[in-house]
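Our numbering applies: residue 1 is where the sequence shown begins, and numbers increase by one.
Before any comments, here is the structure.
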Amino acid sequence: MLENGNLKTNIIKINIHCLETDKLKYAAEVLRNGGLVAFPTETVYGLGANALDETAVAGIFRAKGRPSDNPLIVHVSDSKDLDKLTSSKPEVTELLIKNFWPGPLTLVIPRSPTIPDIVTAGLDSVAVRMPSHPIARLLIKKAGIPVAAPSANSSGKPSPTCASHVIDDLDGKVDVIIDGGSVEVGLESTVLDITAPIPVILRPGGVTHEQLETVLGRVDICPSLKDSEAGVHIPKSPGMKYRHYAPKARIVLFEGNAEKVSNEISKIYRQNAHNGIKSVVLATDETINYYDGMDAVTMGSRKKPDIIASRLFNILREFDAQDIQVILAESIEDHGIGFAVMNRLVKASGYNVVKI
Ligand code: TXA
Ligand code: MG
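Written out as structure tokens, the structure is:
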């Protein structure tokens, strides 16, 4: 039935402030029985299946249209569950758990043979995370199994930050969608490889490089994340090689002095308008006034990159609903959570970055 995309999807609304255990019990049972359940986490919505059930996990790849060489994150509700999933625990594991779990940090650890190859794409490591969202935590706990869950979007689209995004992409393709409202972080978790002596960030996310270094000392950043050109380095995290987070419109990202960027964007916007090309400017609170008379949207204040992070994917999805052809996007400073915001924007642009 999944192949046809005509499954009857059960959409369940759950209030984060008063968790209805009956509804969660039902969703947990669907997971235990090999079904697919989309659920909110604090980062983005996830599409879950029993991580120990190969057939169930195959359903995730089908529903999302996800390439099979892109491994999944296994979600747990208790850090003790890590022992069953891993073959050895690097020394820093406990320290990281103590400081960042539950929360938006995914650890890449040597895997146990009990995890099906389909989850890890045959790698000898497994990515594990304990989400802090109460619905996610209770669902996984009630299911009593580790839950493999990528972001609950069609492959290549921006990750979902509310249930309607999930419904747009996956209605008719999954068994249950839990509507638990809007998420908090709005970007995915940080993926940290701790299999080598110096931990390496493979994907920037909800926990920042600076926060990790405060706890661990030196933490490296995967070289491919520092280049705004694709293909310079071989990605260590398989997911990094695919075009991601992309709305239908083409994105051009502009980097450099804010005033020069605004001038260049305005110039291109007017040229596009002259040629009948419908553009929108993705600006910030500090710069939005430059674009008088143009279609411009602010991501938020440059002083509050966490707010920009929480709104970015929703804004990109809203552009999909309009017939916009080109998004002319400003850059923000790439520290703190701004590093993750810029990573998503660079990828969404397909590495189409203009340096001014
Ligand atoms: O915030 C999140 O992490 C969300 C929520 C649902 O938890 N999940 C998520 O999953 O973003 P997904 O599948 O969209 O991204 C998982 C990332 C991919 O870039 C994948 O390549 C990487 O984690 N990954 C998974 N297992 C890995 C491994 N063993 N080694 C290296 N990278 C791995
Ligand atoms: Mg994803």
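Cβ atoms here follow ideal geometry from the backbone N, Cα and C, with glycine treated the same way.
By the neighbour-count criterion, in which 16 or more other beta carbons inside 10 Å mark a residue as buried, I145 falls on the buried side.
Counting other Cβ atoms within 10 Å of its Cβ, H335 stays below 16 and is therefore classed as exposed. In the three-state reduction of the DSSP assignment, N70 falls in the coil class. The region 260 to 315 contains, as complete beta strand (DSSP E) runs of 3+ residues, the segments 279 to 283 and 296 to 298 (chain order). In this chain, the beta strand (DSSP E) harbouring E330 covers V326 to E330. Judged by DSSP in its simplified three-state form, K13 adopts strand. Using a cutoff of 7 Å, the CB of H75 counts as near ligand 1, since one of the ligand's heavy atoms is closer than that.
DSSP lists no bridge partner for N153. According to the DSSP assignment, V185 belongs to no beta strand (DSSP E), since it is labelled neither H nor E.
Short note on E91: C-beta not closer than 7 Å to any heavy atom of ligand 2.
At a Cβ-Cβ threshold of 8 Å, V346 and V354 do not count as neighbours.
Taking 4 residues as the shortest admissible run, the region 107 to 162 contains the following complete alpha helix (DSSP H) segments, listed from N- to C-terminal end: 117 to 120 and 134 to 143. Checking the 7 Å criterion, the Cβ of N70 is within range of a heavy atom belonging to ligand 1. In the displayed model, G59 falls within a helix according to three-state DSSP.
Within the same chain, Cβ atoms closer than 8 Å to the Cβ of R111 are found at L85, T86, S87, T120, L123, D124, S125 and V126, the five residues on either side in sequence being excluded. By the 16-neighbour rule on beta-carbons within 10 angstroms, C18 is exposed.
Inclusion of P150 in the 7 Å shell around ligand 2 follows from its C-beta lying nearer than that to a non-hydrogen atom of the ligand. Around Y291, the same chain offers S262, I265, S266, Y269, V281 and A283 as residues with beta carbons nearer than 8 Å, after the five sequence neighbours per side are excluded. V76 and V174 have their C-alpha atoms roughly 21 Å apart.
In the structure shown, R32 adopts helical secondary structure according to DSSP, grouped into three states. Note on geometry: alpha-carbon atoms of R344 and C222 lie some 15 Å from one another.
Relative to ligand 1, S301 has its C-beta separated by 7 Å or more from all heavy atoms. Nearest in C-alpha terms to M342, of all of T298, K226, S159 and D320, is K226. Residues of the same chain with a CB within less than 6 Å of the CB of F339, apart from the 5 flanking positions on each side, are P204 in chain order. Taking 7 Å as the cut-off, the C-beta of S159 counts as close to a heavy atom of ligand 2. Burial check for E330: the Cβ neighbour count within 10 Å reaches 16 or more, so the residue is buried. With the rule of 3 Cβ pairs closer than 8 Å, the region 146 to 153 does not count as touching the region 296 to 309.
The alpha-carbon of L202 is positioned some 16 Å away from that of V74. Residue pairing of I221 in beta bridges, as defined by DSSP: I201. With a cut-off of 8 Å on Cβ pairs, the region 14 to 30 is not in contact with the region 98 to 110, counting fewer than three such pairs.
Relative to ligand 1, the nearest heavy atom lies less than 7 Å away from the CB of R129.
When the alpha-carbon of P90 is set against those of L216, A258 and K248, the nearest one is in L216.
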